[in-house]
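Mapping of the sequence shown onto mature numbering (1 follows the signal peptide of the UniProt record, and there is no 0): residues -26 to -1, 1 to 145, in sequence order.
Note that CB positions come from ideal geometry on N, CA and C, so glycine has one too.
Note that the coordinates shown come from a computational prediction; the quantities given were computed from them, not determined experimentally.
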Amino acid sequence: MRRACTYVLGASSAIALLAFAAPAHAQGAEVNPGSGAPGTAITVTDGGLCAGTSASATSEAFGTVTLAGTTSMSGQGTVANVANGSYAVKLTCGNGKSASGTFTVTGSTTASTAPSTSTTAKPSGGVAAGGGGTQGEVSAAGLAAGGAFLAAGVGFGGYALRRRVSGRPTA
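And the structure:
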């Protein structure tokens, strides 16, 4: 019983500590929403990649969108009347960096022709996996707090295991 309790306590402590850890900040072209019909309003963000320089995102799905901002740049556009399918999004920053992403057109009444995709283009930038609640800057205080919680959990786990071992009767 005591061993099972130690394992459960250790696992739950590790899970709780990981929840407090600071999230990674993805950089790259992100289109929100990730899919839509012609006429849908979209927002393109750079995930902090361009850092206040000029930036634009281009796609056959919505044309060219100019991004503006300081630390994280964004811009709005509208989905064009194009065929259903997945379209490449190319983000170009004024500081020389670039990234790519995708946007999926759904519900189009345009004749179904496959979107043209370049087979010579190499992916760059981060995965457009969405920011959700993790969107924003990572602070040093948050990293320090997460590290302190993680160190405390490891220390407590070691103490619990050491105490369990030293409490055994010897034969």
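Taking all protein chains in view, the Cβ of glycine 37 is surrounded by fewer than 16 other Cβ atoms within 10 Å, so the residue is classified as exposed. In the DSSP assignment, alanine 73 is bridged to Leu65.
Within the model, the alpha-carbon separation for alanine 115 versus phenylalanine 123 is close to 12 Å. When Ala31, Ser82, Ala11, Gly10 are compared, the shortest CA-CA separation from threonine 19 is found for Ala31. Put simply, of Ser74, Gly59, Glu4 the residue whose alpha carbon is nearest the alpha carbon of glycine 81 is Gly59. For asparagine 6, the enclosing beta strand (DSSP E) stretches over residues 4 to 6.
A direct Cα-to-Cα measurement between glycine 121 and alanine 25 gives close to 27 Å.
Taking valine 39 as the centre and dropping the five residues before and after it, the same chain places the C-beta of Val18, Ala31, Gly49, Gly51 closer than 6 Å to its C-beta, in chain order. Bridge pairing for serine 46: absent [DSSP].
Looking at the DSSP output, serine 30 bridges to Thr40, Thr66. Taking the C-beta atoms as reference points, alanine 54 is found no nearer than 9 Å to leucine 65. At least 9 Å separates the beta-carbon of phenylalanine 77 from that of glycine 13.
In the structure shown, valine 128 falls within a helical segment according to DSSP collapsed to helix, strand and coil. Taking C-beta atoms as the reference points, valine 79 and alanine 35 count as a pair closer than 9 Å.
For the options Gly43, Ala126, Ser33, the alpha carbon positioned closest to that of threonine 27 is the one of Gly43.
Counting only the Cα atoms, alanine 3 lies some 5 Å from glycine 75.
Counting other Cβ atoms within 10 Å of its Cβ, glycine 22 reaches 16 or more and is therefore classed as buried.
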